[in-house]
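Below you'll find the structure, written out as structure tokens, and then a few comments.
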Amino acid sequence: MDWTEIIIDSLKQSDTTLIAYVPDISIDRVTSKIDDDPYFQLVPATREEEAIGIAVGAYATGRNSAVFMQSSGFGNSINAIASLCIPARTPIPIFMNMRGGSGEFNIAQVPMGRATRPILDELGLVHFTLDDEYNMDKIVNGAIKLCHANRQPVAICMTQLLHGGKLA
Amino acid sequence: MLRFDATKLVLTHAGNSPIVGNLGPTTDELWHAGHRDRNFYTYGNMGLCSSIALGMAVSTDEKVISLDGDGSLLMNLGAIATIGRERPRNLVVVVWDNEQWGQTGHQDSHTAKGTDLEQVAQSCSIPNTATVRDLESLDDVMQKAMTEDGPWFIVAKIEEQGYMPVSPIEPEMTLYRFRNSFSE
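Heads up: the sequence lines are chains X and A, in that order.
In short: position in the first sequence from 1, add 17, done, that's the working numbering.
In short: position in the second sequence from 1, add 14, done, that's the working numbering.
Spelled out as structure tokens, the structure:
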């Protein structure tokens with residue numbers, strides 16, 4: 018399995034059928050497969066905090082959900098995570114393309130990308146960074162398991178080293 | 015039309031349907047009007063009330079009611095576009111529109127200055143919309159909304175009123191009670 022198939026397999030193993038997202042070119046290889054797979058319901062949002070709200074609504078009815086976004090969109094969704102997911106204890110895995118790291122071509126993407134993991138730390142949220150496919154199935158499966166055990170969001174941060182990134 | 019009277023009226027139509035309450039007075043008055051397991055109260059996340067309801071509506075066949083507010087929805091107008099894109103037949107959005115940010119000092123909101131949320135919903139291809147100004151009209155449209163396919167988007171113009179005591183702030187308990195009600 019490549020990294021896209023590992024993510025899809027982990028979502029299925031955890032009965033995660035509702036995926037809310039804002040498109041991102043670097044992880045489109047995963048979300049387009051999710052879109053083509055009738056196992057999943059993919060809901061495109063206009064903004065990342067909206068995707069968080071949709072995912073929480075699905076979880077509240079007993080359905081497991083996840084969110085896909087870019088690290089810049091994490092900036093758009095901080096209050097949704099802080100004032101809804103954390104106090105209500107909703108286990109939403111957040112799959113995130115990390116901008117601003119090695120290979121970044123756009124200065125405007127660097128500050129939010131660099132700040133993402135420190136903000137997750139300040140919120141007390143667990144995050145994992147994936148630079149390659151080594152042990153990736155164990156990491157992603159484990160991250161989703163931990164997410165549900167702890168009933169808090171977990172971020173799975175995917176760097177350009179993993180997915181190839183967006184070229185200038 | 016007072017929001018509390020309108021909230022009690024919505025509850026008479028709701029049966030056991032899930033209701034998401036916007037943060038602040040809407041959640042407080044929903045609690046006072048009739049606390050039930052199927053009330054999903056919110057205490058923060060301004061702007062996300064109808065997005066949460068959308069996530070519920072695409073996950074259950076039951077009717078799902080969002081009790082949103084003009085100030086909150088203006089913060090996340092994209093939610094209306096996403097509802098118009100998904101068009102879940104079981105979603106009923108009710109916007110308590112007092113044309114102000116009541117909790118922050120009664121400043122005029124954009125709906126006092128020309129924004130028509132019903133027209134926004136129509137332009138986002140939400141098929142069933144209404145604007146109501148009294149309890150009788152709300153009663154009529156809720157009757158339709160709970161029995162006919164939606165999504166429905168109902169702007170209910172309300173008068174600002176005094177606030178009720180703050181309801182218990184229990185986000186974790188709210189989620190627990192609400193979610194458990196789907197496994198019974």
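All residues carry an ideal CB built from backbone N, CA and C; glycine is no exception.
Item: Reducing DSSP to helix, strand and coil, say where Gln133 of chain A ends up.; Value: helix
Item: Closer than 7 Å by C-beta to Ile51 of chain X: which residues in its own chain qualify, once you throw out the five before and the five after it? Chain order, please.; Value: Ile25, Ile36, Phe57 and Leu59
Item: Can you pull the DSSP bridge partners for Lys171 of chain A?; Value: A:Asp111
Item: Closest to Val108 of chain A by C-alpha separation, out of A:His120, A:His49, A:Ala135 and A:Glu186, would be which residue?; Value: A:Ala135
Item: Look at the Cβ atom of Leu91 of chain A, then the Cβ atom of Ala67 of chain A, and state whether they are nearer than 9 Å.; Value: no
Item: Against chain A, which members of the segment 76–109 of chain X pass a CB distance test of less than 8 Å?; Value: Tyr76, Ala77, Thr78, Gly79, Arg80, Ser82, Asn96, Ala97, Ala99, Ser100, Leu101, Pro104, Ala105, Arg106 and Thr107
Item: Would Lys183 of chain X and Ser43 of chain X qualify as a contact pair, given that the criterion is a beta-carbon distance under 9 Å?; Value: yes
Item: What whole-angstrom Cβ distance do Ser64 of chain A and Ile97 of chain A have, given they're in contact under 8 Å?; Value: 7 Å
Item: Name the DSSP bridge partner or partners of Pro61 of chain X?; Value: X:Tyr38
Item: Out of A:His46, A:Ile140 and A:Tyr190, point me to the one whose CA is closest to Asp19 of chain A's CA.; Value: A:His46
Item: If contact is defined by three or more beta carbon pairs under 8 Å, each pair taking one atom from either stretch, is the segment 27–42 of chain A in contact with the segment 126–138 of chain X?; Value: no
Item: Looking at the structure shown, is Leu81 of chain A part of a helix, part of a strand, or coil, going by DSSP?; Value: strand
Item: Which residue's Cα is closest to the Cα of Ser94 of chain X: X:Val73, X:Ile69, X:His144 and X:Phe85?; Value: X:Ile69
Item: Quick one: which chain A residues come within Cβ less than 9 Å of Leu35 of chain X?; Value: Gly69, Val72 and Ser73
Item: Could you spell out the range, first to last residue, of the alpha helix (DSSP H) harbouring Gln177 of chain X?; Value: Gln177 to His180
Item: By the three-class DSSP mapping on this structure, what secondary structure does Ile33 of chain A have?; Value: strand
Item: For Asp42 of chain A, which residues of its own chain have a beta-carbon under 8 Å away from its beta-carbon, when the five flanking residues on both sides are left out?; Value: Tyr177, Met178, Pro179, Val180 and Ser181
Item: Round the Cβ separation of Pro170 of chain X and Ile109 of chain X to the nearest angstrom and send it over; I've been treating them as touching at under 8 Å.; Value: 5 Å
Item: Which residues does DSSP list as the beta-bridge partners of Val146 of chain A?; Value: A:Ala170
Item: Taking the alpha helix (DSSP H) that Met187 of chain A belongs to, which residues open and close that run?; Value: Pro185 to Asn194
Item: By Cβ distance, which residues of its chain are closer than 7 Å to Asn123 of chain X, with the 5 residues on each side in sequence left out?; Value: none
Item: Which residue wins for smallest C-alpha separation from Thr188 of chain A, given the options X:Pro55, X:Pro104 and X:Gly92?; Value: X:Pro104
Item: Compute the Euclidean distance between the alpha carbons of Ala97 of chain X and Glu66 of chain X, then round it to the nearest angstrom.; Value: 6 Å
Item: Could you check the C-alpha separation between Leu142 of chain X and Tyr190 of chain A for me, to the nearest Å?; Value: 20 Å
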